[in-house]
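Participant: Under the working numbering, the first residue of the sequence shown carries the number 847, and numbering increases by one thereafter. Below are the structure tokens for one structure; questions will follow.
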Amino acid sequence: MKDARKFTGEENHAITTAEALTFIKQFREHYGPEAAPGVFFDKQAVQAILDQPHAVGMRYYYGVDSFDQTQLVLVGTNTSRNDLLEGEPLKLSMMNPPLDDRGRYHRAAVSHGISLQEASELTARYQENLPPGQPKGGFFGKQAVQRLLDHPECVGLRCFFGANKDGVRVMVMLCVDKFGAEMFYGPMVELSTMCPPYCGWPNLLNRGISQTHKSMIDPTA
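Next up, the structure:
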């Protein structure tokens, strides 16, 4: 995958349950027990990203919100590794799947909307303090993500923050069922194509500068 010049959408991201649990455990060891374990995306929101005409997958970018919590921003990605900023609106993660009074998934309470300007502020906040060797985000091919979404019990995706043995961030993605429980017995993915080095053309999400800051520098922005 590191030698690929273009994305195909058929990249293999599959991992075992044991590998997933190891990544999650290593994240806790490197980032501490108080660090948020991960975030959530609704199935329909992710499907909308993948269904764009030129999308061969999706890229996630790490961001930091006003509460100093790590969030993810999702955007579609084409074969040239470029983000599809003009298509389906970006999606901002939620900390947890919303549940109703009966403890079942409550899709009506889902909120993933975010503008490019708002998203750029989150990603810039994360990237301005990014240590060397840490990724800004990563890419998952369409086929692998679709395999998760097609599971009959899947209502959304839990993105667990993970780390390799050296503390470099990775992402473990798996389904959530109608009770908000993570489906460790189902398919799961990692092995995303990291950004950097494969970020595509520089844009407001990956160059560490927000739309607001850009406008202050360049009034024509």
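We put the CB at the ideal spot given by N, CA and C, even for glycine.
With distances taken from CA atoms, which of Thr-863, Ala-860, Pro-1048 is nearest Ser-966?
Facilitator: Pro-1048
Participant: At which residue ranges does the stretch 891-931 contain complete beta strand (DSSP E) runs of 3 or more residues, listed in the order of the chain?
Facilitator: 903-910, 916-923
Participant: Within the stretch 978-1055, note down every full alpha helix (DSSP H) run reaching 4 residues or more, in order along the chain.
Facilitator: Runs of the alpha helix (DSSP H) inside the stretch 978-1055: 988-995.
Participant: So for Phe-801, helix, strand or coil by DSSP?
Facilitator: Outside the modelled stretch of the chain, which goes from 847 to 1067, sits residue 801, for which no answer is possible.
Participant: Would you tell me roughly how many angstroms separate the C-alpha atoms of Gln-973 and Tyr-907, rounded to the nearest one?
Facilitator: Their Cα atoms are separated by approximately 10 Å.
Participant: Let me check one thing: in DSSP terms, what residues is Gly-884 bridge-paired to?
Facilitator: Paired residues: Phe-1006.
Participant: Say whether the stretch 858-876 touches the stretch 913-931, bearing in mind that this needs 3 or more beta-carbon pairs closer than 8 Å, one atom from each stretch.
Facilitator: No, the stretch 858-876 does not touch the stretch 913-931.
Participant: Going by beta-carbon coordinates alone, are Ala-1009 and Val-1018 separated by less than 8 Å?
Facilitator: no
Participant: Would Leu-994 pass as a contact of Gly-909 if the rule is Cβ separation under 8 Å?
Facilitator: no
Participant: Taking 8 Å as the threshold (C-beta atoms), are Thr-854 and Gly-987 in contact?
Facilitator: yes
Participant: Thinking C-alpha only, which one of Met-1040, Val-892, His-997 is nearest Phe-1030?
Facilitator: For the residues Met-1040, Val-892, His-997, the minimum Cα distance to Phe-1030 belongs to His-997.
Participant: Would you say Met-1040 and Gly-984 are within 8 Å of each other, going by their C-beta atoms?
Facilitator: yes
Participant: Along the alpha helix (DSSP H) that carries Thr-862, what are the first and last residues, could you check?
Facilitator: Neither: Thr-862 is in no alpha helix (DSSP H) and is coded neither H nor E.
Participant: Quick one, which of Leu-1051, Pro-943, Ser-939 has its alpha-carbon nearest Lys-982's?
Facilitator: Distance check between Lys-982 and each of Leu-1051, Pro-943, Ser-939 places Leu-1051 closest, using alpha-carbon atoms only.
Participant: Assign Ala-866 to buried or exposed, taking buried as 16 or more other Cβ atoms, counted over all protein chains shown, within 10 Å of its Cβ.
Facilitator: buried
Participant: Between the Cα of Ile-960 and the Cα atoms of Cys-1005, Leu-938, Gly-979, Leu-976, which residue gives the shortest distance?
Facilitator: Residue Leu-938 is the option with its Cα nearest to Ile-960.
Participant: CB-CB under 8 Å to Phe-1025, same chain, minus the five flanking residues each way: which ones, in chain order?
Facilitator: Leu-945, Gly-949, Arg-950, Tyr-951
Participant: Closer than 7 Å by C-beta to Asn-928: which residues in its own chain qualify, once you throw out the five before and the five after it? Chain order, please.
Facilitator: Gly-1046, Trp-1047
Participant: Along the chain, where does the alpha helix (DSSP H) that runs through Leu-962 open and close?
Facilitator: 962-973
Participant: Count the other C-beta atoms from every protein chain shown that fall within 10 angstroms of the C-beta of Glu-857, then say buried if there are 16 or more, exposed otherwise.
Facilitator: buried
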